[in-house]
Amino acid sequence: MTANRECYDVIVVGAGPAGSTAARKLAMAGCSVLLIDQATFPRDKHCGGLIPIKALRLLDFEIPKRSTLNDIYSITLYSHSMKASTHQDYQLLGKTVHRKDFDHILLNQAIAQRVRFYQGTRLQHIVEEKGYIRVITSTDEYLCSKVLGCDGSGSIVKGFVEGELPLDRYKMGFAVNGLLSVNQREAFEDFKLFSVPLAFSMGWAIPQGNCINVGIGGPSYQKKQLADHFKEHIAKVARLYPSSGEPKNFRGSFLPAGGFRRKVQKGNILLAGDAAGLVDSFTGEGIYYAMQSGSLAAEKIIQGKTSEFEAACKQVFHRQLQKSLIFSLLCYKKRYTELSFLRNLQCSKFCKTIKSK
Ligand SMILES: Cc1cc2nc3c(=O)[nH]c(=O)nc-3n(C[C@H](O)[C@H](O)[C@H](O)COP(=O)(O)OP(=O)(O)OC[C@H]3O[C@@H](n4cnc5c(N)ncnc54)[C@H](O)[C@@H]3O)c2cc1C
């Protein structure tokens, strides 16, 4: 390799949950790792902030109590006409956080394992040379043997894995969300999901300290309808919290639409997390998938079995992503969501998927 350039075993692009998890694991196994991110940390991330228990279980360190907001013990699913089914669990289902804090904790854990981290460094181009890969960024060029793209839903690395495919509008999702301030301390352990009259779409209300994070998401080809329906959704949620104030901080953002047919690898270039399109299409939940796929990619690199990564991803995620598609389709069908036994069943099944793989 060229002598006057910094040279690494692995360059990880993106320091979200996927990138930090992977970089830490690689460094712990003795790999030299460069982690780059275009943002300056701590950086915020547009999110509902619910970390499911199955994601928290992947951590081998504690998240300090001061960095978490609410403990979630129940899930309520609302039909189109606002009939509710609640599944109350005796076990913790998840915790809510500010992503700024959570992602920063994961990043610091990676840095503590001697991962070199360059922030404010944007990936621009990847060139595969004979025997090594040249990574061109906004600040410098680096060399490595493997690249792991954890650069989120607008991934640049993905372009090198998938080739110049036209953007598939069915693979991209869109979400609008905002915060509703509330005074009451009731129902602050409850994660609420709402059926909405748009295909493969879902509304949510997630407690976050003294606010409720309210949002609606679905396939990006329905972006306009989602934005139009958001007002109605906010009004529905506000009726459940009579003391709620004015909604604030609205934003729209893209996320993968979920589904399970994904290309996540080309030779020594791998993808994890949102960059790999790994998101639950029923809830839009992706933090577990990001951490788990980042960890899986690291594991295959450490074992020298990168060629097995795509098959391993399929084995670990395929069934669950398939199930989440079925859930979201059932929630769209009005006549199904109005049947209480079906709603109850969906609710308890969903609880199971939040708790385990
Ligand atoms: C509105 C909304 C609500 C959500 N709510 C939840 C929820 O409650 N629970 C849940 O589990 N999931 C939720 N998700 C999904 C979740 O946020 C993502 O699945 C998760 O953040 C994916 O992690 P990641 O590490 O793959 O990517 P990200 O967290 O997006 O991190 C990617 C990183 O890459 C960096 N980057 C991007 N491009 C470049 C580049 N060219 N060069 C260098 N760096 C780059 C970015 O700065 C960023 O730091 C939500 C998503 C949205 C949009």
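Heads up: the sequence shown runs through residues 1 to 357, numbered per full-length UniProt numbering.
Every residue gets a Cβ at the ideal spot worked out from N, C-alpha and C, and that includes glycine.
The structure presented is a predicted model; accordingly, all values stated were derived computationally and were not measured.
Same chain only: Cβ atoms within 6 Å of GLN222, ignoring 5 sequence neighbours per side: LEU198
Limits of the unbroken beta strand (DSSP E) element including ASP190: 190-195
Of the residues LEU93, MET82, ILE287 and SER244, the one placed nearest ARG343, counting alpha carbons only: MET82
For GLY163 and TYR142, the rounded distance between their alpha carbons: 22 Å
N- and C-terminal bounds of the beta strand (DSSP E) containing GLN124: 123-129
Per DSSP, cross-strand counterpart(s) of GLY173: PRO219 and LEU255
Whole runs of the alpha helix (DSSP H) within the region 80-147, excluding any shorter than 4 residues: 99-111
Which listed residue (SER74, SER79, GLN109 and SER85) has its alpha carbon closest to that of LEU93: SER74
Ligand 1 heavy atom lying under 8 Å from the CB of HIS104: no
Nonlocal neighbours in the same chain, by C-beta distance under 8 Å from ALA272, ignoring five residues either side: ALA18, GLY19, ALA22, LEU148, GLY149, CYS150, VAL264, LEU278, ALA290, SER293, GLY294, LEU296 and ALA297
ALA285 CB to nearest heavy atom of ligand 1 below 8 Å: Strictly speaking, residue 285 in this sequence is Glu, with Ala absent from that position. Indeed, a heavy atom of ligand 1 lies less than 8 Å from the Cβ.
Stretch-stretch touch, CB-based, cutoff 8 Å, three pairs: the region 88-103 with the region 320-336: no
VAL157 vs CYS144 beta-carbon contact at 9 Å: no
Whole-angstrom C-beta distance between VAL237 and ILE212, which should lie under 8 Å: 7 Å
GLY203, enclosing beta strand (DSSP E) - first and last residue: 202-208
Distance between PHE191 and PRO52 (C-alpha atoms, nearest Å): 11 Å
Under 9 Å between C-beta atoms of PHE174 and PHE254: yes
Near ligand 1: ILE36 beta-carbon under 8 Å from a heavy atom: yes
Residue range of the alpha helix (DSSP H) that includes TYR78: First-last for TYR78: 74-78, but that is the beta strand (DSSP E), not the alpha helix (DSSP H).
7 Å Cβ shell around GLN119 - same chain, five flanking residues per side excluded: ASP37, ALA39, THR40 and PHE41
Residue closest to ALA112, alpha-carbon to alpha-carbon, out of THR121, LEU35, GLU232 and ILE302: LEU35
C-alpha gap between GLN320 and LYS349, whole angstroms: 11 Å
Member of ILE302, LEU180, ILE133 and GLY152 whose CA lies at the smallest distance from the CA of MET28: ILE302
Close beta carbons around PHE341, own chain, < 6 Å, minus the five adjacent residues each side: none
Per-residue burial, LYS65 [other beta carbons within 10 Å of its own, 16 or more giving buried]: exposed
Same chain, Cβ closer than 6 Å to THR86, neighbours up to 5 away in sequence not counted: SER74 and THR76
Residues near PHE250 in its chain [Cβ-Cβ closer than 6 Å; skip 5 each side]: GLY178
Boundaries (first-last residue) of the beta strand (DSSP E) holding VAL264: Premise fails: VAL264 is in no beta strand (DSSP E) and is neither H nor E.
Sequence-distant residues of the same chain with beta carbon closer than 6 Å to PHE188, five excluded per side: ASN70 and PRO207
Start-to-end residues for the alpha helix (DSSP H) that takes in VAL157: 157-162
Proximity of HIS80 and VAL214 at Cβ, strictly below 9 Å: no
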